[in-house]
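Let me begin by presenting the structure, written as structure tokens, before commenting on it.
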Amino acid sequence: RTHFHSIPPTPMGKHSKDKRDIYYRKAKEEGWRARSAFKLLQIDEEFDLFAGVTHAVDLCAAPGSWSQVLSRRLYKNDAAGSASGAPPNVRIVAVDLQEMAPIEGVVLVQGDITSPKTVAKVLSEFREGDVERLADLVVCDGAPDVTGMHDLDEYIQAQLLLSALSITTQVLRHGGTFVAKIFRGKDVTLLYAQLKIFFPDVYVAKPKSSRNSSVEAFVVAQNFAPPADFDVASLGGITTLEYGLPDARLNGTRAVVPFVACGDLGGFDADQNYPLQPTDGDGASYVYHEPTQKPTTPAYRAYLEAQQQSGRRVVLDEAIRQVGAPAQIGKDS
Numbered sequence: 001r002t003h004f005h006s007i008p009p010t011p012m013g014k015h016s017k018d019k020r021d022i023y024y025r026k027a028k029e030e031g032w033r034a035r036s037a038f039k040l041l042q043i044d045e046e047f048d049l050f051a052g053v054t055h056a057v058d059l060c061a062a063p064g065s066w067s068q069v070l071s072r073r074l075y076k077n078d079a080a081g082s083a084s085g086a087p088p089n090v091r092i093v094a095v096d097l098q099e100m101a102p103i104e105g106v107v108l109v110q111g112d113i114t115s116p117k118t119v120a121k122v123l124s125e126f127r128e129g130d131v132e133r134l135a136d137l138v139v140c141d142g143a144p145d146v147t148g149m150h151d152l153d154e155y156i157q158a159q160l161l162l163s164a165l166s167i168t169t170q171v172l173r174h175g176g177t178f179v180a181k182i183f184r185g186k187d188v189t190l191l192y193a194q195l196k197i198f199f200p201d202v203y204v205a206k207p208k209s210s211r212n213s214s215v216e217a218f219v220v221a222q223n224f225a226p227p228a229d230f231d232v233a234s235l236g237g238i239t240t241l242e243y244g245l246p247d248a249r250l251n252g253t254r255a256v257v258p259f260v261a262c263g264d265l266g267g268f269d270a271d272q273n274y275p276l277q278p279t280d281g282d283g284a285s286y287v288y289h290e291p292t293q294k295p296t297t298p299a300y301r302a303y304l305e306a307q308q309q310s311g312r313r314v315v316l317d318e319a320i321r322q323v324g325a326p327a328q329i330g331k332d333s
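With full-length UniProt numbering as the guide, the letters of the sequence shown map in order to residues 1 to 333.
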């Protein structure tokens, strides 16, 4: 028998998003900063990403859900201590241009992933006395604000991934793993070929929490082994590769890699709406949860601050002039 329960009143629209996105709702219930945490967890279910990992880097980390996953999993795996206990043999560095709220056990580096200064800062955080250490795992969930023009979005995302690959080649140990978001378009096979120059094992993973309607997927590149003559400054020249142009490093410019569906295929569907109620039998009633971490520098900050100062509604351009704050656009979770 199905029982319907009343839902406590909340501001309009908050229930709607919980209904439309089950992973958004579950992220808040479980204390994740964004629904994207489930994507990394589901990829790990298939690839066992965290086995033997003690040093990790999260690129384009804000708002921090993947850094949360790294913190919870790596400190749990390390018998030497915990994030709040004795210093363990775990180091996690999160890098982003944006300001990010602190996460226990994670070192935050606010900087550009294409800058040599950022590379030096990451390596300095891994240094143990006179011993240089490199990362076992590098992850990147960064993405541009999409335009809706798929060819352009795919190109920009590929350039972001190559920027992430550039810093990865400088901070990842031989044999390490690189996980990054891609947009699967008609030219993505060139990106696979570029990755296979550095990683013999490349897979495309599609987590259950990633919407089927989205071109988003993730590359899992394993066993890092750069060419002997690799030049970090030019990324080995791979950014100039084009379809149809011969290159001795590539086995063709249209690499085919295995596609892996990740997560419980009988679990929640990211494209489906799930009712907040009813609950069946003795099931728990729905309770609204606020987001785990609200944005630190949202795009609408200038507008809200100007409205508070003037005591009236103001247009966005006027708000930016009054407050002088850039309208920074946050990463979609």
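Glycine is no exception: its CB is placed at the ideal position from the N, C-alpha and C atoms. Quick caveat, the model's predicted, so the values are computed rather than measured.
Determine contact between the segment 160-177 and the segment 122-136, defined as no fewer than three beta-carbon pairs at a distance below 8 Å. yes
Please go through the same chain and pick out, in chain order, the residues whose beta-carbon is closer than 6 Å to the beta-carbon of Arg254, but skip the five residues on each side of it. Thr189
What is the C-beta distance between Lys181 and Gly263, in whole angstroms, given that I count them as a contact (C-beta under 8 Å)? In fact, because the Cβ distance is near 16 Å, the residues do not count as touching under 8 Å.
Assumed close pair Val257, Val202 - CB separation to whole angstroms, cut-off 8 Å: 5 Å
I believe Ala101 touches Ser65 by the beta-carbon criterion, under 8 Å. Please report the beta-carbon distance rounded to the nearest angstrom. No, Ala101 and Ser65 are not in contact; Cβ-Cβ is about 12 Å, not under 8 Å.
Could you tell me which residues DSSP pairs with Leu165 in its beta bridges? None; Leu165 has no bridge partner.
As assigned by DSSP and simplified to three states, the class of Lys208: coil
When the Cα atoms are used, what is the spatial distance from Thr296 to Asp96? Counting only the Cα atoms, Asp96 lies some 13 Å from Thr296.
Could you pull out every residue in the same chain whose Cβ sits closer than 6 Å to the Cβ of Phe47, ignoring the five residues on either side in sequence? Val220
State the Cα-Cα distance for the pair Leu161 and Ser285, rounded to the nearest angstrom. Taking the straight line from one Cα to the other gives about 42 Å.
Which class does Ile113 belong to by DSSP, given the choice of helix, strand or coil? Note: Ile113 maps to coil in three-state DSSP.
Cβ shell of Ile43 (< 7 Å), same chain only, five flanking positions each side left out: Leu49, Val179, Ala205, Pro207, Phe218, Val220, Cys262
Tell me whether Ser213 is buried or exposed, calling it buried when 16 or more other Cβ atoms sit within 10 Å of its Cβ. Counting other Cβ atoms within 10 Å of its Cβ, Ser213 stays below 16 and is therefore classed as exposed.
On the criterion of 16 or more Cβ atoms from any shown chain inside 10 Å, does Ser163 qualify as buried, or is it exposed? buried
Whole-angstrom C-beta distance between Asp141 and Gly185, which should lie under 8 Å: Not confirmed; about 18 Å, so no contact.
Per DSSP, what kind of secondary structure is Arg25 in: helix, strand or coil? helix
Tell me the DSSP secondary structure of Arg301 in three-state form. Under the three-state reduction of DSSP output, Arg301 falls in the helix class.
What span of residues does the alpha helix (DSSP H) with residue 382 cover, start to end? Summary: the structure shown does not reach residue 382, with the chain confined to residues 1 through 333, and so no result is reported for it.
Is the CB-CB distance between Val69 and Val171 below 9 Å? no
Other residues of its chain near Ser124: CB distance less than 7 Å, five sequence neighbours each side excluded: none
Within the same chain, show all residues whose beta-carbon is closer than 6 Å to that of Lys26, passing over the 5 residues directly before and after it, in chain order. none
In this structure, does DSSP put Leu152 in helix, strand or coil? helix
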